[in-house]
Every structure is written in C-alpha cells, then in structure tokens.
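Notes for the one structure printed next.
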Amino acid sequence: MKVQKLSTFLQQYRKAPNVIATHNPAMLFPKRDIRTRIDLPDMKTKIQDRIRKDKFEFRDRKFDVRDRMVVRVYRAANTKWKFGTIVNQDGAYSTILSMFKEPW
C-alpha cells in the first residue's frame, strides 16, 4: 500500500509543471512527457458529440465579429428577415448585432 502511494506521488510530481522552469521534471530530464490517465482521450464526449451531430443533422458554426448575418424578425408583419453585422459576442450562443446603426 505504501509503495503504491509513493509511486502515485512520484508520478504526479514528475507530471506537474515546475513554477520556475515552466516544464515538468520528466520533460526536463529525459525530454519526454509521462503518459497518465489524464492524457487518455475522453471517448465519452467524442461519442456523444458524434451522436448529437448525426441525430440532429447539423454542423457547428462559428461566427466572428464583423461577419454579416441574416436574422429572422417576428415583430414586424411585413418583413421576415433583416441583415446585420456582428458587433460583439457575449458567449457561445449570444451575439449583439448592429442593424441599421441600432444594436438588436
């Protein structure tokens, strides 16, 4: 039990980056990283993303500031769509548009 705890501690020590050198001791001495469980890929999230994309048949889109967009407007009876430019992004799904010089 003590040997297991010691080896776990040493492995964590060798994997942790050094504050002064900004590299871990394993990288400084044998010039390679130690592979641990943390390095293993997270297959569960990859599979869930693939199922989500296949089920709903869509692709993830990325919009940048100053990109032009078309927005569906439900307030106006005679216009359905308006053009705008992205001014700011507040998150992954929230953007601020500038349409006719007024933020919307």
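For the sequence shown, position 104 matches number 104 in full-length UniProt numbering, and the numbering has no gaps at all. Even glycine gets a Cβ: it sits at the ideal position worked out from N, Cα and C. All figures in this text were calculated on a predicted structure; none of them were measured in a lab.
Run of the alpha helix (DSSP H) containing residue i, from where it starts to where it stops
i, result
"Met27", "25-28"
"Met43", "43-56"
"Val3", "2-15"
Straight-line gap, residue i to residue j (C-alpha atoms, nearest Å)
i, j, result
"Met69", "Asn18", "46 Å"
"Arg50", "Met43", "11 Å"
"Lys80", "Ile20", "59 Å"
"Gln89", "Ile96", "6 Å"
"Ile86", "Arg66", "5 Å"
"Asp54", "Ile47", "10 Å"
"Lys31", "Asn24", "10 Å"
Backbone secondary structure at residue i - three-state DSSP
i, result
"Lys62", "coil"
"Ser94", "coil"
"Thr85", "strand"
Residue burial classification, residue i (beta-carbon count within 10 angstroms, cutoff 16)
i, result
"Gly84", "buried"
Start-to-end residues for the beta strand (DSSP E) that takes in residue i
i, result
"Arg72", "68-72"
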